[in-house]
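Novice:
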Amino acid sequence: MNYYIFIIALLASSCRAVPAIVVPGEIWPDDQGRHVNAHGGGILYHDNTYYWFGEHKGERSSSAWVGVTCYSSHDLVSWTSEGVALFVVADTTSDIREGCVLERPKVIYNQKTGKFVMYFHLELFRRGYSAARVGVAVSDRVTGPYTFLYSYRPCAGYWPVNMTEEQRNSTITPGDFPEWWTDEWRKATNDGMFTRRDFEGGQMSRDMTLYVDDDGKAYHIYSSEENLTLHLAELSDDYLSHTGKYIRIAPGGHNEAPAIFKKDGRYFMITSGCTGWAPNAARLHVADNIWGPWTEYPNPCVGEEANLTFRSQGTYILPVVGKKNAFIFMADRWTPRRPIDARYIWLPILFENGLPVLKWYDRWDINEVFR
Ligand code: DGJ
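Its first residue numbered -13, the sequence shown is counted upward by one per residue in our numbering.
(1) Which same chain residues end up closer than 6 Å to Ala50 when comparing Cβ atoms and leaving out the 5 residues on each side of it in sequence?
(2) Run the proximity test for Ala174: is its beta-carbon closer than 8 Å to any non-hydrogen atom belonging to the ligand DGJ?
(3) With a threshold of 8 Å, are at least 3 pairs of Cβ atoms found where one atom belongs to the region 275 to 290 and the other to the region 333 to 353?
(4) Quick test of the definition: if touching needs 3 or more C-beta pairs under 8 Å, does the region 158 to 176 touch the region 253 to 265?
(5) According to DSSP, Pro15 sits in a beta bridge with which residue or residues?
(6) Work out the CA separation of Glu338 and Lys367 for me, nearest whole Å.
(7) Expressed to the nearest angstrom, what Euclidean distance is found between the alpha-carbon atoms of Leu(-3) and Glu12?
(8) Specify the secondary structure class of Lys173 as computed by DSSP and reduced to three states.
(9) Can you tell me the Cβ-Cβ gap for Ser137 and Arg119, rounded? I've got them flagged as a contact below 8 Å.
(10) If you measure from the CB of Gly262, is any heavy atom of the ligand DGJ nearer than 8 Å?
(11) Look up Lys248 in the DSSP assignment and give the residues it is bridged to.
(12) By how many angstroms is the C-alpha of Asn155 removed from the C-alpha of Ala243?
(13) Hey, could you find the ends of the alpha helix (DSSP H) Met179 is sitting in?
(14) Spell out a yes or no on whether the region 329 to 337 and the region 267 to 279 are touching, meaning 3 or more CB-CB pairs, one atom from each, closer than 8 Å.
(15) Tell me, please, whether the region 263 to 274 touches the region 202 to 209 by the rule of three or more beta-carbon pairs shorter than 8 Å.
(16) Taking C-alpha atoms, which residue in Ile233, Glu84, Leu214, Gly53 lies nearest to Lys173?
(17) Closer than 8 Å to a non-hydrogen atom of the ligand DGJ - does that hold for the CB of Trp51?
(18) At what residue ranges does the region 126 to 212 contain a whole run of the beta strand (DSSP E), taking only runs of 3 or more?
(19) Would you identify the three-state DSSP class for Lys345, choosing helix, strand or coil?
(20) Can you give me the C-alpha to C-alpha distance between Thr195 and Leu62, rounded to a whole angstrom?
(21) Mind checking whether the beta-carbon of Asp193 lies closer than 8 Å to any heavy atom of the ligand DGJ?
(22) Do Gly27 and Ile14 come within 9 Å of each other at the CB atom, strictly closer than that value?
(23) Return helix, strand or coil for Glu354, following the three-state DSSP convention.
(24) Regarding Ser116 and the ligand DGJ, is the C-beta to nearest heavy atom distance less than 8 Å?
Here it is, written out as structure tokens:
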């Protein structure tokens, strides 16, 4: 080999990024050799570090007996346990008492207040999934400890921006329908029958995510109306509450597990259907404006087990810092018989004809797929 070509090849190979290998579905050991215990999670990038927050799950129980865990990383592959960011408590009068259901925690940073704000889906102790509340906690330090502030059903006393006068004034109620899923029931649901029912007490809020837009405005996106319709609601400037401005998305579409990202000014949201812990086909929703209209597209997954989202359910979409248009779809492969063993399915979001596509990889290198 010519001497100069040899030197250039040597320099090029020494510049190649260190591999960052993701093996979807395998045990993912933390710095102490224990499988990461941060399910239904999300990631915050702060001060050159990624922080992964998620549900601590037990050997037998999916309920919250510990709280929200936190892990840190610089390369998205090696994760250091930062302990418990938000503890559930022994106090039996607390909304977050041990044994409650605390799911899908997400943390965002407020530039103006310098506080870290955590939202999560909260179900009160021994009340099944009937409370359908959002919980809010805050901390001065990214890893916590977070202080629990309150839980509630959002947007009490406010109408969705995209609900018509006629829909707001309709007198049809769920009690008018002895049976669900009939054509009449579907129409009434799509027309906001459950939004009206919950107008005073606040809207139901289950599976959820948070999103901070480029202008610093933050949004809470959640499964509402008995999981039948998604809501997207604006948060206050300090991110600690809802302003009351919100829209309904995909009325009657039965969506859970919302995860959102923005590429070239367009918003993409990947959701799942509602089948408990069992996987189902993902859905895609696209909008040019966060306030809609949102258009639904078919399942972005392709290939074997695409109809089951590769046996997983989405939880968050992570923009890889420092790379253009590099997004990771993070999902959980639930194992309700042994919740602690649920595996993480992380896949790169590819694009075809401007739309996201997900395909299975047995293993992949973050620095290779996203150059
Ligand atoms: C599906 C949700 O996405 C999960 O977070 C959890 O609430 C399960 N349902 C419970 O069945």
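For glycine and all other residues, C-beta sits at the position ideal for the given N, C-alpha and C.
Quick caveat, the model's predicted, so the values are computed rather than measured.
Specialist: Here's the rundown:
(1) Working through the sequence shown from its first residue, we reach residue 50 at position 64. Val74, Cys86, Leu88.
(2) Against the sequence shown, residue 174 aligns to sequence position 188. False, no ligand heavy atom lies under 8 Å from that Cβ.
(3) yes
(4) no
(5) Here residue 15 corresponds to residue number 29 of the sequence shown, with the count starting at 1. According to DSSP, which records beta bridges pairwise, Pro15 is partnered with His21.
(6) Since the displayed the chain opens at -13 and closes at 357, residue 367 lies outside it and no answer follows.
(7) Taking the first residue of the sequence shown as 1, we reach residue -3 at position 11. Taking the first residue of the sequence shown as 1, we reach residue 12 at position 26. The pLDDT assigned to Leu(-3) is 49, lower than 50, so where the model puts this residue is not dependable; a value taken from the coordinates is nonetheless given after this. Cα to Cα, Leu(-3) sits roughly 34 Å from Glu12.
(8) By 1-based counting over the sequence shown, the position of residue 173 is 187. The answer is helix: DSSP assigns Lys173 an H, G or I state.
(9) Within the sequence shown, the letter at position 151 stands for residue 137. Within the sequence shown, the letter at position 133 stands for residue 119. Contact flag correct, Cβ pair sits at about 4 Å.
(10) Translated into the one-based positions of the sequence shown, residue 262 becomes position 276. For the ligand DGJ, at least one heavy atom lies less than 8 Å from the Cβ of Gly262.
(11) As a first step, residue 248 must be located in the sequence shown, where it is residue number 262. Bridge partners of Lys248: Tyr253.
(12) What you label residue 243 is simply residue 257 of the sequence shown in a count that begins at 1. What you label residue 155 is simply residue 169 of the sequence shown in a count that begins at 1. If I take the Cα positions, the gap works out to 31 Å.
(13) Counting from 1 along the sequence shown, the entry for residue 179 is found at position 193. Its alpha helix (DSSP H) spans residues 179 to 183.
(14) no
(15) no
(16) In the sequence shown, residue 173 corresponds to position 187, counting from 1. Lys173 has its Cα closest to that of Leu214, out of Ile233, Glu84, Leu214, Gly53.
(17) Taking the first residue of the sequence shown as position 1, residue 51 is located at position 65. Answer for Trp51: no, Cβ out of range of the ligand DGJ.
(18) 133 to 138, 194 to 198, 204 to 210
(19) By one-based count along the sequence shown, residue 345 stands at place 359. Lys345: strand per DSSP, three-state reduction.
(20) The residue labelled residue 195 in the question sits at position 209 within the sequence shown. The residue labelled residue 62 in the question sits at position 76 within the sequence shown. Cα-Cα distance, rounded: 20 Å.
(21) The residue labelled residue 193 in the question sits at position 207 within the sequence shown. Checking the Cβ of Asp193 against the ligand DGJ gives yes.
(22) Taking the sequence shown and counting its residues from 1, the one referred to as residue 14 is at position 28. Taking the sequence shown and counting its residues from 1, the one referred to as residue 27 is at position 41. Before going further, note that residue 14 is Trp rather than Ile in the sequence given. No, Cβ-Cβ distance for Trp14 and Gly27 is not below 9 Å.
(23) If you number the sequence shown from 1, residue 354 lands on position 368. It is helical.
(24) Mapped onto the sequence shown, residue 116 falls at position 130. Not so, every heavy atom of the ligand DGJ lies at least 8 Å from the Cβ.
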